[in-house]
Every structure is written in C-alpha cells, then in structure tokens.
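Below you'll find the structure, written out as structure tokens, and then a few comments.
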Amino acid sequence: MPLNEKVSLGEYLQEARKQKGISVDEIVRETNISKKYLESLEMNDLSVFPGETYILGFLATYADTLELDRNTVISIYKRQMRIEQDAPIEQLVGITPKKKSSAPQIDFKSLGIIGGILGGLLLLILIISNIKIPESSAGTVIHSDKKYHYQLTELEKITKQEYYIGDTITISNGNSLITLELKEMGASKSLQIAVNKMNYNIKERDVLNIDSDGNNIKDMGVELTRITDSKIFLGVFILKEDMMVKTNQSAGTIQKYQAAILAENELLSSKIKTRIDMKLVAEATGFVEFSADGSEPKQFSVKKGMEIPISFENEMTLLLGNAGAVKIMIGDKAEAGGSMGEVNKSIFYWKNNQGQFSLNRAFLK
Numbered sequence: 278m279p280l281n282e283k284v285s286l287g288e289y290l291q292e293a294r295k296q297k298g299i300s301v302d303e304i305v306r307e308t309n310i311s312k313k314y315l316e317s318l319e320m321n322d323l324s325v326f327p328g329e330t331y332i333l334g335f336l337a338t339y340a341d342t343l344e345l346d347r348n349t350v351i352s353i354y355k356r357q358m359r360i361e362q363d364a365p366i367e368q369l370v371g372i373t374p375k376k377k378s379s380a381p382q383i384d385f386k387s388l389g390i391i392g393g394i395l396g397g398l399l400l401l402i403l404i405i406s407n408i409k410i411p412e413s414s415a416g417t418v419i420h421s422d423k424k425y426h427y428q429l430t431e432l433e434k435i436t437k438q439e440y441y442i443g444d445t446i447t448i449s450n451g452n453s454l455i456t457l458e459l460k461e462m463g464a465s466k467s468l469q470i471a472v473n474k475m476n477y478n479i480k481e482r483d484v485l486n487i488d489s490d491g492n493n494i495k496d497m498g499v500e501l502t503r504i505t506d507s508k509i510f511l512g513v514f515i516l517k518e519d520m521m522v523k524t525n526q527s528a529g530t531i532q533k534y535q536a537a538i539l540a541e542n543e544l545l546s547s548k549i550k551t552r553i554d555m556k557l558v559a560e561a562t563g564f565v566e567f568s569a570d571g572s573e574p575k576q577f578s579v580k581k582g583m584e585i586p587i588s589f590e591n592e593m594t595l596l597l598g599n600a601g602a603v604k605i606m607i608g609d610k611a612e613a614g615g616s617m618g619e620v621n622k623s624i625f626y627w628k629n630n631q632g633q634f635s636l637n638r639a640f641l642k
C-alpha cells in the first residue's frame, strides 16, 4: 500500500483494512485483540494504552494480519509521535480549506476601493497587534501551586492530569513518600524538578530514574511526556529492573513489591534452586516480551504453533498481549498465560521458604 507522508497512523490502518474488505470484528476474531484497542488505533487515540510497549506489540500484530510491512507501520507511528502534540489536525493530515469555485465579478475601480479599505483595516490590526505583542509573547509561565497525592497503585492517574510550575506531586510507597516538585521551565522544553528535595533537569521525552525507597536501587521512572505552553504532562512507572526479584529472595524481600502484586501462584517446589527451562507455546496470535535474569528485553509477535524457549537461573519477567494465546510449559507442567484479549505482566522467581524452594509466578498491576 503506497504511503502518503500526510496520512495519519489511524487512516493508514483503516484504509488498508477497508481495501482488503475486512471489518474490525473480523480482525478481533483473527487476532483476539480487544475491539477497544483496534478502534483506538484507527481513531489515533493512543491514550487507552498503558504504555508504548503495548502499542508497538498491537501494531505489529495488526500489520501482520493486514499483510502490511510492520516496519512501515511502526515508522508512521514514530513519525506521528514526533509531531507537536498541539499541532492542528488539519496540519497533521494535510487538509487545506476548499477554495470557492468562482468569485463575484468586480470592476477594477470597485476592486481598488475595496482593496484600499481592507488595506487600511489590515494596517490598523497590525498596529494594535504590535502594541499587544510585548505582553503576550513574553511567554508568561502559569504558576499553580496545587498539591496532588497518589498511591503507588494509582500511577496511571498521573498521566491523565495536566500540571503547572509550582505543583507538588506526592506518591505513597508503603511507609515512604516520594515528593515531586515542579520548579521551573528551562530552554528547549526542559523542566527543573525536585525529587525529595534533590534537583534534576529533564528534557521532553526523557526519563529520570530515581530511588523511591532509599535502598540505593533506582526502582522508579519519571518521564517528561510533553510540555505544551505552560502545561506539563508526566508519566511515572515502576522500573523493570526493580521488579525482578534477586537470587534467594524470600517473602520479606518481595514484600516491597506487594502493592503491585495482584495474585501469586506456586508452580513447583524443590529442595534446591535449579535452572528453569521454560517454553512458551502460541495457540493463537499474540505478543510476548520477556527478560531473563536481567537481560535486555526480547519482543515477539507470535502466531499459532510458534514456540519460544526461555532459560533462567533466578528470575524472569514476562509481558503478554492477548495472554490467552500463550501456554507456558515447564517440563510436563502447563500454565495458562492468561485470558483471551488480556494484557498482563508477571514475574517468575525462586522463593526460599525456610530451606524449601518454590518457583512462583506473581502477577503485577
């Protein structure tokens, strides 16, 4: 399908789907991706997705289903994200106002009179505008001085709120409190932010990694999503590295992640901690991302019949899109990835219970 530089991501996907004569409901049945997510992609509404990893996974699956080049689809997404958030939609999609097909016939004398009147009005407007420009172009930054409080389980709410210089954000993390103070704007869309009284400078789209609980481990990320005029948009999330439980961790250590755990299953027990050889078996179309023992995350778009071997000594994090499409095999033991259409994240780790080891899977928010 030819690529128009002005076409948006949603228009590109929608046009490709319609050219093939496929409905959204048919795509849902083929990919097991929730209709809400598919419609959001075609409507360019990416706010419903928890993060970019989910968007990229669903785009790759959607592209494969429509027999599109996934790299082209991803490049359209990346290009669209680089465009200013506050650009007019007409500019994004290349719409220009329609010109009238014909103009009333005016003789040159009348045209000259009208032109003179319009010229005078234009000059008057410019004079008035120039008088007001020093006030409006000074780029006055709005100060708010509001206070916002969130629990660690409510981080997604932070991304939905717009903030201003002077605002304070506090996040309750068990017995500790993380305080973010938005201090002042800098050049090139940068922001000075104080985290628990420590000052940092962060640019738009950058991520600041912080230690939220004073254990010298950077376990939380603060992203400056964008700055529009005086409005500041942030994202706060738990870092994958801190979610990975370390060797011989017990229930006391995993307790620090308790606020993020939805449920936990014991998969097997052993007198000694051994290397785990696992296999993910795809039974339908889905998306997989995993990191074993702190390695770089690996991502896959999977289809029925595909198998992915995974080995780890201590821990492994697993992110599944359309979790019901994946079956987890450890030897002869089978574990369901989740439900069809579900997106979930979990940690597999060895737990030491007074000398008896168990391999557990903890589901995270």
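Position 345 of the sequence shown, counted from 1, bears residue number 622 in our numbering, the numbering being contiguous throughout. Using N, Cα and C, we set each Cβ at its ideal position, and we do this for glycine too. Owing to the predicted nature of the structure, the values given are computational and were not obtained by experimental measurement.
Quiz item: Leaving out the 5 sequence neighbours to the left and right, which residues in its chain are closer than 6 Å to residue 550 when beta-carbon positions are compared?
Solution: Within the sequence shown, residue 550 is the residue found at index 273, counting from 1. In chain order, 627, 634 place their CB closer than 6 Å to the CB of residue 550, counting only its own chain and leaving out the 5 sequence neighbours on each side.
Quiz item: Taking the runs of the beta strand (DSSP E) that are 3 residues or longer, which of them lie wholly in the region 608-637?
Solution: Within the region 608-637, the complete beta strand (DSSP E) runs of at least 3 residues are 610-613, 620-630.
Practice problem: Taking residue 351 as the reference, give the member of 317, 399, 286, 590 with the closest Cα. | Solution: Residue numbering aside, residue 351 sits at position 74 when the sequence shown is read from its first letter. Ranking the options by Cα distance to residue 351, first place goes to 286.
Quiz item: Which runs of the alpha helix (DSSP H), 4 residues or longer, sit entirely within the region 305-348?
Solution: With a minimum length of 4 residues, the continuous alpha helix (DSSP H) runs that stay inside the region 305-348 are 312-319, 329-342.
Quiz prompt | Neighbour-count burial assignment, residue 620, 16 or more Cβ in a 10 Å radius | solution = As a first step, residue 620 is located in the sequence shown; it is residue number 343 there, counting from the start. Looking at its Cβ environment, which holds 16 or more other Cβ atoms inside 10 Å, residue 620 is buried.
Self-check item: Residue closest to residue 421, alpha-carbon to alpha-carbon, out of 542, 561, 460, 392
Solution: Locating residue 421 in the sequence shown gives position 144, where the first residue counts as 1. The alpha carbon of residue 421 has as its nearest neighbour, out of 542, 561, 460, 392, the alpha carbon of 460.
Exercise. Closer than 7 Å by C-beta to residue 463: which residues in its own chain qualify, once you throw out the five before and the five after it? Chain order, please.
Key: Position 186 of the sequence shown holds residue 463. The residues are 469, 478.
Exercise. Tell me whether residue 301 sits in a helix, a strand or coil according to DSSP, three-state version.
Key: On the sequence shown, position 24 is the one that residue 301 refers to. Judged by DSSP in its simplified three-state form, residue 301 adopts helix.
Quiz item: Name the DSSP beta bridge partners of residue 471, please?
Solution: Position 194 of the sequence shown, counted from the start, is the residue given in the question as residue 471. DSSP, once it has assigned bridges, lists 458, 476 as partnering residue 471.
Self-check item: residue 481 in three-state terms, based on DSSP
Solution: Reading the sequence shown from its first residue, position 204 is the one you call residue 481. Collapsing the DSSP output to three states places residue 481 in coil.
Quiz item: Roughly how many angstroms lie between the CA atoms of residue 522 and residue 590, to the nearest whole one?
Solution: In the sequence shown, counting from the first residue as 1, residue 522 sits at position 245. In the sequence shown, counting from the first residue as 1, residue 590 sits at position 313. Note that residue 522 scores 38 on pLDDT, short of 50, meaning its location in the model is unreliable and no value can be drawn from it.
Quiz item: What is the DSSP secondary structure of residue 494, counted as helix, strand or coil?
Solution: Indexing the sequence shown from 1 puts residue 494 at position 217. The three-state secondary structure of residue 494, taken from DSSP, is coil.
Quiz item: Looking at the structure shown, is residue 389 part of a helix, part of a strand, or coil, going by DSSP?
Solution: On the sequence shown, position 112 is the one that residue 389 refers to. Of the three classes helix, strand and coil, the one that applies to residue 389 here is helix, per DSSP.
Quiz item: residue 415 by DSSP, collapsed to three states: which one?
Solution: The residue labelled residue 415 in the question sits at position 138 within the sequence shown. Low local confidence applies: a pLDDT of 42 at residue 415 is under 50, so the model's placement there is unreliable, with the coordinate-based value given in what follows. Assigned with DSSP and collapsed to three states, residue 415 falls in coil, not helix or strand.
Self-check item: Cβ-based neighbour list, residue 361, same chain, cut-off 6 Å, excluding 5 preceding and 5 following
Solution: In the sequence shown, residue 361 corresponds to position 84, counting from 1. Because the pLDDT of residue 361 is 47, which lies under 50, any placement of that residue in the model is unreliable, and the number read from its coordinates should be weighed accordingly. Contacts found: none.
Practice problem: Alpha carbon to alpha carbon, how far is residue 541 from residue 303? Give it in angstroms, no decimals. | Solution: Within the sequence shown, residue 303 is the residue found at index 26, counting from 1. Within the sequence shown, residue 541 is the residue found at index 264, counting from 1. Computed Cα separation, rounded: 35 Å.
Quiz item: At what residues does the beta strand (DSSP E) containing residue 592 begin and finish?
Solution: The sequence position of residue 592 within the sequence shown is 315, counting from 1. According to the DSSP assignment, residue 592 belongs to the beta strand (DSSP E) that extends over 592-598.
Practice problem: For my contact list, residue 539 and residue 625 are in at a C-beta cut-off of 8 Å; report their separation, rounded to the angstrom. | Solution: As a position in the sequence shown, residue 539 is number 262, starting the count at 1. As a position in the sequence shown, residue 625 is number 348, starting the count at 1. Taking the Cβ atoms as the reference, residue 539 lies roughly 15 Å from residue 625, outside the contact range of under 8 Å.
Quiz item: What is the DSSP secondary structure of residue 507, reduced to helix, strand or coil?
Solution: The residue given as residue 507 occupies position 230 in the sequence shown. Coil, per DSSP.
Quiz item: Is the beta carbon of residue 565 less than 8 Å from the beta carbon of residue 544?
Solution: As a working mapping, residue 565 is identified with position 288 in the sequence shown. As a working mapping, residue 544 is identified with position 267 in the sequence shown. No, the pair does not count as a contact, with Cβ atoms beyond the cut-off.
Quiz item: Span of the alpha helix (DSSP H) holding residue 464?
Solution: Taking the sequence shown and counting its residues from 1, the one referred to as residue 464 is at position 187. Element bounds for residue 464: n/a, residue is neither H nor E.
Quiz item: Can the beta-carbon of residue 292 be found less than 8 Å from the beta-carbon of residue 342?
Solution: The sequence position of residue 292 within the sequence shown is 15, counting from 1. The sequence position of residue 342 within the sequence shown is 65, counting from 1. The Cβ atoms of residue 292 and residue 342 lie no closer than 8 Å to each other.
Quiz item: Does the count of Cβ pairs from the region 325-344 and the region 561-579 closer than 8 Å reach three?
Solution: Yes, they touch.
Quiz prompt | Proximity to residue 507 [Cα-Cα], best of 428, 429, 419 | solution = Numbered from 1 along the sequence shown, position 230 holds the residue referred to as residue 507. Minimum Cα distance to residue 507 is reached at 419.
Exercise. For residue 389, I'd like the list of residues in its chain whose CB is within less than 7 Å of its CB, leaving aside the five on either flank, ordered along the chain.
Key: As a first step, residue 389 must be located in the sequence shown, where it is residue number 112. Correct list: empty, nothing qualifies.
Self-check item: For residue 438 and residue 471, the rounded distance between their alpha carbons
Solution: Locating residue 471 in the sequence shown gives position 194, counting from the first residue. Locating residue 438 in the sequence shown gives position 161, counting from the first residue. Cα to Cα, the separation comes out at about 19 Å.
Quiz prompt | Per DSSP, cross-strand counterpart(s) of residue 449 | solution = As a first step, residue 449 must be located in the sequence shown, where it is residue number 172. Paired residue(s): 428, 454.
Quiz item: At least one CB of chain B closer than 8 Å to the CB of residue 567: is that the case?
Solution: The structure shown contains no chain B; it is built from a single protein chain.
Self-check item: Among 485, 510, 400, nearest to residue 441 - alpha-carbon criterion
Solution: If you number the sequence shown from 1, residue 441 lands on position 164. The shortest C-alpha to C-alpha distance from residue 441 to any of 485, 510, 400 is the one to 510.
Self-check item: C-beta atoms of residue 642 and residue 537 nearer than 8 Å
Solution: Here residue 642 corresponds to residue number 365 of the sequence shown, with the count starting at 1. Here residue 537 corresponds to residue number 260 of the sequence shown, with the count starting at 1. Contact: yes.
Quiz prompt | C-beta contact flag for residue 601 and residue 583 at 8 Å | solution = Translated into the one-based positions of the sequence shown, residue 601 becomes position 324. Translated into the one-based positions of the sequence shown, residue 583 becomes position 306. With contacts defined by Cβ atoms closer than 8 Å, residue 601 and residue 583 do not form a contacting pair.
Self-check item: Local Cβ density within 10 Å of residue 447, reported as buried at 16 or more and exposed below that
Solution: Here residue 447 refers to the residue found at position 170 of the sequence shown. Result: exposed.
Practice problem: Work out the CA separation of residue 547 and residue 483 for me, nearest whole Å. | Solution: Within the sequence shown, residue 483 is the residue found at index 206, counting from 1. Within the sequence shown, residue 547 is the residue found at index 270, counting from 1. The alpha-carbon atoms of residue 483 and residue 547 are separated by roughly 43 Å.
Self-check item: For residue 515 and residue 638, the rounded distance between their alpha carbons
Solution: To locate residue 638, count along the sequence shown from 1; it is residue 361. To locate residue 515, count along the sequence shown from 1; it is residue 238. Residue 638 and residue 515: Cα-Cα distance of roughly 18 Å.
Quiz item: So, using beta-carbon positions, are residue 595 and residue 577 closer together than 8 Å?
Solution: The residue given as residue 595 occupies position 318 in the sequence shown. The residue given as residue 577 occupies position 300 in the sequence shown. No, the pair does not count as a contact, with Cβ atoms beyond the cut-off.
Quiz item: The alpha helix (DSSP H) with residue 295 in it runs from where to where?
Solution: Translated into positions along the sequence shown, residue 295 becomes position 18. Where residue 295 is concerned, the enclosing alpha helix (DSSP H) starts and stops at 286-296.
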